[in-house]
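Chains as they are written, first to last, in the numbering used here: chain A, 1 to 291; chain B, 1 to 274; chain C, 1 to 416.
Just so it is clear, CB atoms sit at the ideal spot from N, CA and C, and this is done for glycine as well.
What follows is one structure encoded as structure tokens, with my remarks underneath.
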Amino acid sequence: MKERRGQGYLFVAPSVVILFVVALCPIAMAVWLSLRRVILVFHEDRFVGLANYRFLLQDSRFFAALGNTAYFAAVSLLIEVGLGLPIAMLLHRAFRGRGVLRAAVLVPWAIPTVVSARMWAWMWNPDYGLITRVLHTQDVDFLGMPAYAMHAAILVDVWKSTPFVALLLLAGLAGIPEELYRAARVDGASKRGIFFSITLPLLRPALVVTVLFRALDALRVFDAIYVLTGGGPANTTETLSIYSYKTMMRSGDFGYGSTLAVATFLVVVLVSILYLNTIGRGAVGTTEDKR
Amino acid sequence: MKAPSMGARLATALGAAIAAVFFVGPFAWLLLTSLRPEGEITEVSLPSALSSSSYANAFHGRPFARVLLNSLVVAGATTIFCLAVASAAAFALAKLELRGKRALLSAALAVSMFPPIATVSPLYLALKEVHLLDTPLGLVIPHTTFALPLALWVLTGFFREIPDELYRAARVDGCSPFQAFRKVMVPLAMPGFATTAILVFIFSWNEFLYALTFTSSPSHRTVPVAISLFAGEHTEPWGEIAAASVIATLPLVIFTLMFQRRIVAGLTQGAVKG
Amino acid sequence: MLTAGVSLAAAAAGGCRSRPPDRENAVVFKHQPLWGDPAPFRDMLASFERTSGVRVVTEVLPNAPDVMHQYFLTSLEGGTADFDILVMDVIWVAEFARAGWIADLSSAFPPEMLRRDLVGGAAESVLVGGRTYAVPWYMDVGLLYRRTDLVPEAPQTYQELEAAITSAQRARPELQGLLWQGKQSEGLVCNAYEAIWGHGGESLAADRLALDTEPARRGISYLRSLVERGLSPRQVLSASEEESRRAFQSGRAVFMRNWPYAWAESQHPSSPVRGKIAVSTLPSTSQSGEPGAGTLGGWQLAINERSPPARREAALALIARLTSLDANIEMAVHYARNPPRAAAYEDARLKERAPYIASLLPMVRQARPRPVTPYYAMVTDVLQSEISAAVSGLRSPEKALARAQKLADHLMGAHG
Chain A
1 MKERRGQGYL FVAPSVVILF VVALCPIAMA VWLSLRRVIL VFHEDRFVGL
51 ANYRFLLQDS RFFAALGNTA YFAAVSLLIE VGLGLPIAML LHRAFRGRGV
101 LRAAVLVPWA IPTVVSARMW AWMWNPDYGL ITRVLHTQDV DFLGMPAYAM
151 HAAILVDVWK STPFVALLLL AGLAGIPEEL YRAARVDGAS KRGIFFSITL
201 PLLRPALVVT VLFRALDALR VFDAIYVLTG GGPANTTETL SIYSYKTMMR
251 SGDFGYGSTL AVATFLVVVL VSILYLNTIG RGAVGTTEDK R
Chain B
1 MKAPSMGARL ATALGAAIAA VFFVGPFAWL LLTSLRPEGE ITEVSLPSAL
51 SSSSYANAFH GRPFARVLLN SLVVAGATTI FCLAVASAAA FALAKLELRG
101 KRALLSAALA VSMFPPIATV SPLYLALKEV HLLDTPLGLV IPHTTFALPL
151 ALWVLTGFFR EIPDELYRAA RVDGCSPFQA FRKVMVPLAM PGFATTAILV
201 FIFSWNEFLY ALTFTSSPSH RTVPVAISLF AGEHTEPWGE IAAASVIATL
251 PLVIFTLMFQ RRIVAGLTQG AVKG
Chain C
1 MLTAGVSLAA AAAGGCRSRP PDRENAVVFK HQPLWGDPAP FRDMLASFER
51 TSGVRVVTEV LPNAPDVMHQ YFLTSLEGGT ADFDILVMDV IWVAEFARAG
101 WIADLSSAFP PEMLRRDLVG GAAESVLVGG RTYAVPWYMD VGLLYRRTDL
151 VPEAPQTYQE LEAAITSAQR ARPELQGLLW QGKQSEGLVC NAYEAIWGHG
201 GESLAADRLA LDTEPARRGI SYLRSLVERG LSPRQVLSAS EEESRRAFQS
251 GRAVFMRNWP YAWAESQHPS SPVRGKIAVS TLPSTSQSGE PGAGTLGGWQ
301 LAINERSPPA RREAALALIA RLTSLDANIE MAVHYARNPP RAAAYEDARL
351 KERAPYIASL LPMVRQARPR PVTPYYAMVT DVLQSEISAA VSGLRSPEKA
401 LARAQKLADH LMGAHG
């Protein structure tokens, strides 16, 4: 039986309207601003074409921020998926108190980031922090040393976001039919075999989406680092979003700040395209492709 | 099927314990801090007595109950709208014939890729024009919009996993696409709905930037902004912040507990055998 | 589910007006939460409402300056008339004035009057081009706290400070020396300027920031050397005001540089250092002779340029009331806010009910403002990162200051 063509458009119409009106308009405005020199305080507002982008390409602070952001995203993501998958599998098993553990595990994601970042900052405090007392590291100032500070921020993000990954993967695991497992066990497959030949392939769509959205968030990280270190010491933990924020909201330079936002966006787009065309290939095709 | 071995059970228990300690530990410490007597807030040792003074102080002189209600309204409305809009579109993307599917999903993804700070000023101006500043609706709209991409992608994935035959069978039985959607697809995609609902609710509940910029009067304030107002110019009443955070997290935990069972009530339940 | 959605939608759509009728004729005052009992402040506003017949509505913003700055930038640039009086950090006045977001108040608060009545650098910090753009509500100044049981006399010079620390540490090696705020933030810039002024430096010289100068280099090197020589613990590099205060209050250090608020906290019954601390002016090099200057901080009241004339009159009246001598004293007594009016410090009421604040007069007189320039927000970003690099040893002070000077000149010169 043939579907009437118009049906589908009706279903997607609300989404299209919302996305284009509310989301893409501000984004378009940001792109437009990035082509202008706009300094609020001095009422500068003139078109400068690609001058901002030319400046960007030789802005060492931008490249430093880019490096910090890439490192942060890569390491966080690796740890979050590495931890999230086993946890999802754990939560998928039947045992007493599973429901409570599922809700409990989601708590880090549920606490407002500003609160959890402050909490971790407190725990890291060299004078009276919980971690300092437990590890007896009174002489080490984690947040004051560049290398440590970045990893402290990664830890906060891992703590906060692994539940997100675990939850999405759990939902994906729930979609794998039990019969497949039973049949494989009847056939005498090993645990490892089952995991690699059944679980992982069928989990792939959920895995791809989860990693994608986590990556998007990690590349735009702001709250956790800003609260912990403010981008310091000496801008060594400054990410693209923090640089953009300071440029726009502290200096009032909306032109270059928007350029930085657009640059962040382009970086994220590039990473996503690479990702979807390599690891994620085929996992998110539409019904058109299936035929 | 064999019962799990002792070793497997032990491993499960150990894994569960470690996960619980790592993820819940800091929150338990936050909870402990909120129950300490006033002079001991920064101590690391166990408290000498449990005290509810932090909770009393968190509400004292502040409309925190009203704030919780505001957050509930905004987050609840966002979740409902977002799910409604996204599920309809996801259904069409997964099951109906449509041109520009990839374009829509990509556009949604693009929205998720943009740093939010760059959208604050244009959105402020737009909301000002339509007189929606300092209203709950003025928050629900941006929240719904920026939660939509994740909802779209997750739900599309779930709908796609449902075999086409089920949908066609429903149509053969005489359902219109909308009825098929409501009666067959939605129940089968319940794990996706539950997951999305939890994530969207939490996102909207904890959103700070828009809540701060678009809302100014106490009667419309939301939880994250309210908590940020606890701090004095230099001092930080950590006990009260801990108490407020615990109170603010409870609805989320309850919400999650309510929905988490539905996450795994998937294709294994109900009539799937085709 | 459907009914829930509809009722939520109705709730969400409620209040879709630009200014609800009950706020139409009220003066809206945006400020940060005052720490302490809200009743005295409410009484102050209530008595103003009674005598002037104008309603006052207060709205609070979070106490984080960055967050407030971002909010004001977005809303004032967006042309809002939703609030009339706003509270501003002292470093924003030149910036907001230049942007045209705040109104010229010179007719109601003439510059000469401010210069005559206010203490120290408070007047200069709100005058832009000789016109008044804001009125100081309360002040802050950088102070040197010390443990009187370890150091009876206040050190006047850096040498005396170091000698005191060394001798105290000899007796008890686990003691920390001077605690200050080295985290990359505005607090660091305050500490840095205090060190620069203490070594004879200036903030501005001929419309340029005076960074690549000998005194500045000596000042920043000094801060770095405090950490290198163990006179300050390493953790000052990630400390802001609260971290310093807590460590000092638990008895761990000999000296602390902090704002006046730390005193009240340290006098709590449970504080280990209660009754054992005193404050004094910051030290300076013995050559310059005069005492060190603390950084001028504090919050000012300004009027939104877009506020309609009808409400502006009322707003001016409210500001006058809130900055009157009586209000100064009320704020000092109930909220431990330092008065900007010189007369307040001599007032018997203050001396009797807030003696600590009255005793701060010498320090407050010495308060110096950071560079008063509309470029300050842009420039402080550069200052924060370069000075952070210098004090944490990532870059030499000479190189850091040279870079900072170059970037600051570029930012300030680009607009003429």
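(request) At 7 Å on the CB atoms, spell out the chain C contacts of glycine 61 of chain B, in chain order. (result) One-based indexing of the second sequence puts residue 61 of chain B at position 61. Under the 7 Å cutoff, chain C gives Pro38.
(message) Give the list of continuous beta strand (DSSP E) stretches no shorter than 3 residues that lie fully inside the segment 33 to 105 of chain A.
(response) If we require 3 residues or more, the beta strand (DSSP E) runs fully inside the segment 33 to 105 of chain A come out as 36 to 39 and 44 to 47.
(request) Would you give the residue range spanned by the alpha helix (DSSP H) that arginine 160 of chain B belongs to? (result) Position 160 of the second sequence, counted from the start, is the residue given in the question as residue 160 of chain B. First-last of the alpha helix (DSSP H) with arginine 160 of chain B: 136 to 161.
(message) What would DSSP say about leucine 318 of chain C, mapped onto helix, strand or coil?
(response) As a first step, residue 318 of chain C is located in the third sequence; it is residue number 318 there, counting from the start. In the structure shown, leucine 318 of chain C falls within a helical segment according to DSSP collapsed to helix, strand and coil.
(request) Confirm, please, whether the CB-CB distance from leucine 155 of chain B to glycine 8 of chain A is below 8 Å. (result) One-based indexing of the first sequence puts residue 8 of chain A at position 8. One-based indexing of the second sequence puts residue 155 of chain B at position 155. No, Cβ-Cβ distance for glycine 8 of chain A and leucine 155 of chain B is not below 8 Å.
(request) Run through the segment 26 to 57 of chain C for me and flag every whole alpha helix (DSSP H) of 4 or more residues, listed as ranges in chain order. (result) 39 to 52
(request) Could you tell me whether the Cβ atoms of serine 307 of chain C and aspartate 140 of chain C are closer together than 8 Å? (result) Walking along the third sequence from the start, residue 307 of chain C turns up at place 307. Walking along the third sequence from the start, residue 140 of chain C turns up at place 140. Not a contact, by the Cβ cut-off of 8 Å.
(message) Here's the rule I'm using: 16 or more other beta-carbon atoms within 10 Å means buried, otherwise exposed. How should alanine 310 of chain C be labelled?
(response) Taking the first residue of the third sequence as 1, we reach residue 310 of chain C at position 310. That one is exposed.
(request) Round the Cβ separation of proline 116 of chain B and leucine 252 of chain B to the nearest angstrom and send it over; I've been treating them as touching at under 8 Å. (result) Residue 116 of chain B sits at position 116 when you count from the first residue of the second sequence. Residue 252 of chain B sits at position 252 when you count from the first residue of the second sequence. Their Cβ separation, rounded to whole angstroms, is 21 Å, which puts proline 116 of chain B and leucine 252 of chain B out of contact at 8 Å.
(request) For glutamate 59 of chain C, write down the residues that DSSP places opposite it in a beta bridge. (result) As a working note, residue 59 of chain C is residue 59 in the third sequence. C:Lys30, per the DSSP bridge assignment.
(message) Please report the straight-line C-alpha distance between alanine 154 of chain C and asparagine 206 of chain B, rounded to a whole angstrom.
(response) Within the third sequence, residue 154 of chain C is the residue found at index 154, counting from 1. Within the second sequence, residue 206 of chain B is the residue found at index 206, counting from 1. Alanine 154 of chain C and asparagine 206 of chain B: Cα-Cα distance of roughly 48 Å.
(message) When you compare the CB positions of alanine 90 of chain B and phenylalanine 146 of chain B, do they come within less than 8 Å of one another, or not?
(response) Residue 90 of chain B sits at position 90 when you count from the first residue of the second sequence. Residue 146 of chain B sits at position 146 when you count from the first residue of the second sequence. Not a contact, by the Cβ cut-off of 8 Å.
(request) Following the continuous alpha helix (DSSP H) through isoleucine 131 of chain A, name the residue where it begins and the one where it ends. (result) Locating residue 131 of chain A in the first sequence gives position 131, counting from the first residue. Its alpha helix (DSSP H) spans residues 130 to 135.
(message) Taking 8 Å as the threshold (C-beta atoms), are alanine 166 of chain A and glycine 84 of chain A in contact?
(response) Within the first sequence, residue 84 of chain A is the residue found at index 84, counting from 1. Within the first sequence, residue 166 of chain A is the residue found at index 166, counting from 1. Note that the C-beta distance between glycine 84 of chain A and alanine 166 of chain A is below 8 Å.
(request) Say whether the segment 291 to 301 of chain C touches the segment 88 to 108 of chain C, bearing in mind that this needs 3 or more beta-carbon pairs closer than 8 Å, one atom from each stretch. (result) Touching, yes.
(message) Taking only three categories from DSSP, how would you classify phenylalanine 255 of chain C?
(response) As a position in the third sequence, residue 255 of chain C is number 255, starting the count at 1. Looking at phenylalanine 255 of chain C - three-state DSSP - the assignment turns out to be strand.
(request) Taking 8 Å as the cut-off, decide whether the C-beta atoms of valine 236 of chain C and leucine 175 of chain C are in contact. (result) Taking the first residue of the third sequence as position 1, residue 236 of chain C is located at position 236. Taking the first residue of the third sequence as position 1, residue 175 of chain C is located at position 175. Cβ atoms of valine 236 of chain C and leucine 175 of chain C: not closer than 8 Å.
(message) I'd like to know whether the C-beta of valine 87 of chain C is nearer than 8 Å to at least one C-beta of chain B.
(response) Residue numbering aside, residue 87 of chain C sits at position 87 when the third sequence is read from its first letter. By this cut-off, valine 87 of chain C is not an interface position.
(message) Please report the straight-line C-alpha distance between leucine 46 of chain B and serine 240 of chain C, rounded to a whole angstrom.
(response) As a first step, residue 46 of chain B is located in the second sequence; it is residue number 46 there, counting from the start. As a first step, residue 240 of chain C is located in the third sequence; it is residue number 240 there, counting from the start. In a straight line, the C-alpha of leucine 46 of chain B is about 27 Å away from that of serine 240 of chain C.
(message) Comparing C-alpha positions only, which one of C:Tyr133, C:Val372 and C:Glu186 sits nearest to serine 107 of chain C?
(response) Residue 107 of chain C sits at position 107 when you count from the first residue of the third sequence. With distances taken between Cα atoms, serine 107 of chain C lies closest to C:Tyr133.
(message) So with CB distances below 7 Å, who are the chain B contacts of tryptophan 35 of chain C?
(response) On the third sequence, position 35 is the one that residue 35 of chain C refers to. Chain B residues near tryptophan 35 of chain C: Gly232, Glu233 and Thr235.
(request) Label alanine 92 of chain B either buried or exposed according to how many other C-beta atoms from any shown protein chain fall within 10 Å of its C-beta, with 16 as the threshold for buried. (result) For the purposes of this step, residue 92 of chain B is taken as residue 92 along the second sequence, with counting starting at 1. Looking at its Cβ environment, which holds 16 or more other Cβ atoms inside 10 Å, alanine 92 of chain B is buried.
(message) Checking 8 Å against the spacing of the C-beta atoms, do serine 51 of chain B and leucine 68 of chain B come in under that value?
(response) Here residue 51 of chain B refers to the residue found at position 51 when the second sequence is read from its first residue. Here residue 68 of chain B refers to the residue found at position 68 when the second sequence is read from its first residue. Contact: no.
(message) For a minimum of 4 consecutive residues, which ranges assigned as the alpha helix (DSSP H) are wholly contained in the segment 235 to 285 of chain C?
(response) 241 to 249 and 261 to 266
(request) Indicate whether leucine 394 of chain C and alanine 234 of chain A have their beta-carbon atoms separated by less than 8 Å. (result) Here the question's residue 394 of chain C lines up with position 394 in the third sequence. Here the question's residue 234 of chain A lines up with position 234 in the first sequence. The answer is yes: Cβ separation under 8 Å.
(request) Kindly indicate which three-state DSSP category tyrosine 345 of chain C falls into: helix, strand or coil? (result) If you number the third sequence from 1, residue 345 of chain C lands on position 345. It is helical.
(message) By DSSP's criteria, aspartate 84 of chain C is part of a beta bridge. Which residues make up the other side?
(response) Translated into positions along the third sequence, residue 84 of chain C becomes position 84. Looking at the DSSP assignment, aspartate 84 of chain C forms no beta bridge with any residue, so it has no partner.
(request) Just the chain C side, please: which residues come within less than 8 Å of asparagine 52 of chain A by C-beta, in chain order? (result) Here residue 52 of chain A is taken as the residue at index 52 of the first sequence, counted from 1. Per Cβ cutoff of 8 Å: no residues; asparagine 52 of chain A is ~14 Å from chain C at best.
(message) If we define contact as Cβ-Cβ less than 8 Å, is tyrosine 226 of chain A a contact residue for chain B?
(response) As a first step, residue 226 of chain A is located in the first sequence; it is residue number 226 there, counting from the start. Cβ-Cβ to chain B under 8 Å: no for tyrosine 226 of chain A.
(message) For glycine 100 of chain B and tryptophan 153 of chain B, I'd like the C-alpha separation in whole angstroms.
(response) Taking the second sequence and counting its residues from 1, one reaches residue 100 of chain B at position 100. Taking the second sequence and counting its residues from 1, one reaches residue 153 of chain B at position 153. Just so you know, the alpha carbons of glycine 100 of chain B and tryptophan 153 of chain B end up roughly 15 Å apart.
(request) Determine the chain A residues that contact leucine 237 of chain C at a beta-carbon separation under 7 Å, and present them in chain order. (result) If you number the third sequence from 1, residue 237 of chain C lands on position 237. Result: Asp141, Gly144 and Pro233.
(message) Which residues in chain A have a C-beta closer than 9 Å to the C-beta of serine 245 of chain B? List them in chain order.
(response) By 1-based counting over the second sequence, the position of residue 245 of chain B is 245. Ordered by position in chain A, the residues that pass the 9 Å Cβ test against serine 245 of chain B are Ile111, Pro112, Val115, Ser116 and Met119.
(request) Hey, could you find the ends of the beta strand (DSSP E) glutamine 176 of chain C is sitting in? (result) Here residue 176 of chain C refers to the residue found at position 176 of the third sequence. It spans 176 to 179 - the beta strand (DSSP E) in which glutamine 176 of chain C sits, taken as one unbroken run.
(request) Under 7 Å Cβ to Cβ from glycine 67 of chain A, same chain only, skipping five residues before and after it: list those, please. (result) Stepping through the first sequence from its first residue, residue 67 of chain A is reached at position 67. Around glycine 67 of chain A: no qualifying Cβ.
(request) Taking C-beta pairs closer than 7 Å, name the residues in chain B that arginine 93 of chain A reaches, listed in chain order. (result) Here residue 93 of chain A is taken as the residue at index 93 of the first sequence, counted from 1. Under the 7 Å cutoff, chain B gives Thr12.
(message) Quick check on valine 225 of chain B: does DSSP put it in helix, strand or coil?
(response) As a working note, residue 225 of chain B is residue 225 in the second sequence. Helix.
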